[in-house]
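A.B. asks: Residues in the sequence shown are numbered consecutively from 10, following full-length UniProt numbering. Let me give you the structure first, and then I'll get to my questions.
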Amino acid sequence: GKATMEKITSLAKRRGFVFQSSEIYGGQNGAWDYGPLGVELKNRIARNWWKEMTQLQDDIVGLDAAILMHPRTWEASGHVENFTDPLVDCKKCKTRFRADQIPPENLAAKKCPECGGELTDTRKFNLMFKTHIGPAEDTANIIYLRPETAQGIYVNYKNIIQSNRMKIPFGIAQIGKAFRNEIVTKNFIFRTCEFEQMEMQFFVKPGTDVEWFNEWKKRRWAYYEKLGVNMNNLRWHQHGPDELAHYAKDAYDIEYLFPMGWRELEGVHNRSNYDLTRHTEFSGKDLQYIDQEANNERYIPFIIETSAGLTRTLLMVLSDAYDEEKVADKGNDDDWRTVLHFHPTVAPVTVAILPLMKKDGLAELAQDIRKELKEDFATDYDQSGAIGRRYRRQDEAGTPFCVTVDYESKENKTVTLRFRDSMEQARVPIAELGERLKKEIKE
Ligand code: ATP
């Protein structure tokens, strides 16, 4: 692709997808703000995932658990002990590095890759953000910002079995914020200290876990296909023995070819019965499942997890959609366009209504059409500048459809429907516009 991180970052800022956090104060490292187009895109990606993982799945229900959890949660999960990165600092230039991200020869020689100064010993640094709850700042009051959403699901699994009469196999889906005290220097929103996850935990009977693991690998791959992602830019990466997390029996990442290379987008993990065994141990509560259909057989379920970053998916969607194209059709405009080929179900604006002229009642007619459409679609309205330039602006925002209102519209109640990707145009009766758009989005 033609997308570089620089181009994407600059387009994101220029068009109001993503801004640096607290920019007027020089920015806050590892945090970003989602502007008008960005929040729409993010919400739509989230809604799309939610639909796929709840509405379209008979055996998955949703949850929205708190970010603040009992501190014992993170002892049980292993995060207090194991959720660390190896860090080194340069004694001279004070730059901080993840030891596994600098060249091994620098690490061995304790030589800073930036300035050649001496590096400190490698030490373990826990990634959880820690703060205090209540007025006293002592160790009894320590509380963590959750570093993943999954634990909120595990601690609620019995509640949900009881309240919703769930039977194994079943899943619980959740979207929410997570926080990690990461060292972030580059790559835009790829790795941030505050981010959002879309996670689903699927509870299965031991012995059926391998089968379900393969099934979820299939379903998650199909999801990206349906989202219209260029599948040449996706691949599986199986974790080797040294990469496997302490809880995992088997783990695959779905990797995407980001502008800076292949990187993890989503993890599909077989977490075995680690999580519920540990929570049983630490809470003293019996978290066994009682299988009423099999003589009340009791067991701790295995968990298959699909864990995707929402904000990281947004970066993937932006990179995947980005294109610069030579366009031959317009003599009156510059003949390059930047276009975001978003899938219509995630595009921030679905349809823009553009009156050819403001005068002679065209603006009023266009406003009437917008009013009709906005109940069902995300709309935009633009009446300023040459029509070719307005199309370019919508292309750059990734709007899949433009409706142009011209003099003919007044006479025969039709408009021009312009398609972003092909740039083709069709004449459509105003009365049929809504149905036509719905049909186009479905295809
Ligand atoms: P990495 O190895 O990149 O640090 P991880 O293997 O720790 O990631 P998981 O704990 O498996 O990641 O988290 C699941 C998903 O959450 C990741 O695939 C990614 O999409 C997202 N994610 C994790 N950490 C971050 C972060 N700091 N910023 C944005 N997204 C993240």
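Think of the CB as a built atom: it goes at the ideal place given N, C-alpha and C, for glycine as much as any other residue. For clarity, every value in this text was computed on a predicted model and none was experimentally measured.
To which residues does DSSP link residue 360 through a beta bridge?
C.D. replies: Mapped onto the sequence shown, residue 360 falls at position 351. Beta-bridge pairing links residue 360 to 388, 410.
A.B. asks: Identify which residue in 424, 432, 405, 444 has its Cα closest to the Cα of residue 19.
C.D. replies: Along the sequence shown, one-based indexing puts residue 19 at 10. Measuring from the Cα of residue 19, the nearest candidate turns out to be 405.
A.B. asks: Would you call the CB atoms of residue 367 and residue 392 closer than 8 Å?
C.D. replies: By 1-based counting over the sequence shown, the position of residue 367 is 358. By 1-based counting over the sequence shown, the position of residue 392 is 383. It is a contact, given that the beta carbons lie within the stated cut-off.
A.B. asks: Taking the beta strand (DSSP E) that residue 425 belongs to, which residues open and close that run?
C.D. replies: For this step, residue 425 is matched to residue 416 along the sequence shown. First-last of the beta strand (DSSP E) with residue 425: 423-428.
A.B. asks: Please report how far the alpha carbon of residue 436 lies from the alpha carbon of residue 355, in whole angstroms.
C.D. replies: Walking along the sequence shown from the start, residue 436 turns up at place 427. Walking along the sequence shown from the start, residue 355 turns up at place 346. Cα to Cα, the separation comes out at about 25 Å.
A.B. asks: Note the first and the last residue of the continuous alpha helix (DSSP H) segment covering residue 16.
C.D. replies: As a working mapping, residue 16 is identified with position 7 in the sequence shown. Element bounds for residue 16: 14-23.
A.B. asks: For residue 388, does the count of other Cβ atoms within 10 angstroms reach 16, so buried, or fall short, so exposed?
C.D. replies: The residue given as residue 388 occupies position 379 in the sequence shown. By the neighbour-count rule (16 or more Cβ atoms within 10 Å), residue 388 is buried.
A.B. asks: For the alpha helix (DSSP H) containing residue 233, list its first residue and its last residue.
C.D. replies: Indexing the sequence shown from 1 puts residue 233 at position 224. Residues 218-235.
A.B. asks: Name, in chain order, the residues that DSSP records as bridge partners for residue 177.
C.D. replies: Counted from its first residue, the sequence shown places residue 177 at position 168. Residue 177 pairs with nothing; no bridge assigned.
A.B. asks: Can you tell me whether residue 279 is buried or exposed? The criterion is at least 16 other CB atoms within 10 Å of its CB, across all chains shown.
C.D. replies: By one-based count along the sequence shown, residue 279 stands at place 270. Residue 279 should be labelled buried.
A.B. asks: Bridge partners of residue 95, per DSSP?
C.D. replies: Along the sequence shown, read from residue 1 onward, the residue named residue 95 stands at position 86. Note: residue 95 sits in a beta bridge opposite 133.
A.B. asks: Which residue comes first and which comes last in the beta strand (DSSP E) that contains residue 260?
C.D. replies: The sequence position of residue 260 within the sequence shown is 251, counting from 1. Its beta strand (DSSP E) spans residues 259-267.
A.B. asks: Which one of 146, 155, 328, 64 has the shortest CA to CA distance from residue 87?
C.D. replies: Residue numbering aside, residue 87 sits at position 78 when the sequence shown is read from its first letter. For the residues 146, 155, 328, 64, the minimum Cα distance to residue 87 belongs to 155.
A.B. asks: Within a Cβ cutoff of 8 Å, which residues of the same chain sit near residue 6, ignoring the five residues on either side of it in sequence?
C.D. replies: The structure shown does not extend to residue 6, since the chain is modelled only from 10 to 452, so the question has no answer here.
A.B. asks: CA-CA distance, residue 409 and residue 350?
C.D. replies: By 1-based counting over the sequence shown, the position of residue 409 is 400. By 1-based counting over the sequence shown, the position of residue 350 is 341. Cα-Cα distance, rounded: 8 Å.
A.B. asks: Quick one: using the 10 Å Cβ neighbour count with 16 as the cut-off for buried, is residue 263 buried or exposed?
C.D. replies: In the sequence shown, residue 263 corresponds to position 254, counting from 1. Classification for residue 263: buried.
A.B. asks: Taking 7 Å as the line, does the beta carbon of residue 157 fall inside it for any heavy atom of the ligand ATP?
C.D. replies: What you label residue 157 is simply residue 148 of the sequence shown in a count that begins at 1. Yes, the Cβ of residue 157 comes within 7 Å of a heavy atom of the ligand ATP.
A.B. asks: Taking 8 Å as the cut-off, does the stretch 65-84 touch the stretch 152-172 (at least 3 CB pairs, one atom from each stretch)?
C.D. replies: They touch, by the three-pair rule.
A.B. asks: In chain order, what residues of the same chain have a beta carbon less than 8 Å from the beta carbon of residue 141, not counting five sequence neighbours either side?
C.D. replies: As a first step, residue 141 is located in the sequence shown; it is residue number 132 there, counting from the start. If we look at residue 141 and ignore the five residues flanking it on each side, its Cβ neighbours are 147, 150, 151, 152.
A.B. asks: Any idea which residues DSSP pairs residue 326 with across the strands?
C.D. replies: On the sequence shown, residue 326 is found 317 positions in, with the first residue counted as 1. Partner(s): none; residue 326 has no beta bridge.
A.B. asks: For residue 362, which residues from the same chain have a beta carbon less than 6 Å from its beta carbon, with the 5 sequence-adjacent residues on both sides left out?
C.D. replies: Working through the sequence shown from its first residue, we reach residue 362 at position 353. For residue 362, where only same-chain residues beyond five positions count, the Cβ hits under 6 Å are 375, 378, 379, 390, 412.
A.B. asks: For residue 40, collect the residues of the same chain with a Cβ closer than 7 Å to its Cβ; drop the 5 residues on either side in sequence, then sort them by chain order.
C.D. replies: The residue you call residue 40 lines up with position 31 of the sequence shown. 30, 201, 202, 203.
A.B. asks: Just to confirm, does residue 201 get its C-beta within under 7 Å of one of the non-hydrogen atoms of the ligand ATP?
C.D. replies: Against the sequence shown, residue 201 aligns to sequence position 192. At least one heavy atom of the ligand ATP is nearer than 7 Å to the Cβ of residue 201, so yes.
A.B. asks: Have a look at 242, 243, 258 and flag the residue whose alpha-carbon is nearest the alpha-carbon of residue 249.
C.D. replies: As a position in the sequence shown, residue 249 is number 240, starting the count at 1. The option with the nearest alpha carbon to residue 249 is 258.
A.B. asks: For the beta strand (DSSP E) that contains residue 210, what are its first and last residues?
C.D. replies: Residue mapping note: residue 210 aligns to position 201 of the sequence shown, counting from 1. Note, residue 210: beta strand (DSSP E), 203-213.
A.B. asks: Going by C-alpha distance, which of 191, 312, 352 is nearest residue 331?
C.D. replies: Here residue 331 is taken as the residue at index 322 of the sequence shown, counted from 1. Of 191, 312, 352, the residue nearest in Cα terms is 352.
A.B. asks: So, is residue 229 buried or exposed, given that buried needs 16 or more other C-beta atoms within 10 angstroms?
C.D. replies: Position 220 of the sequence shown, counted from the first residue, corresponds to residue 229. It counts as buried.
A.B. asks: Name the one or two DSSP bridge partners that residue 52 has.
C.D. replies: Here residue 52 refers to the residue found at position 43 of the sequence shown. Residue 52 is not bridged to any residue.
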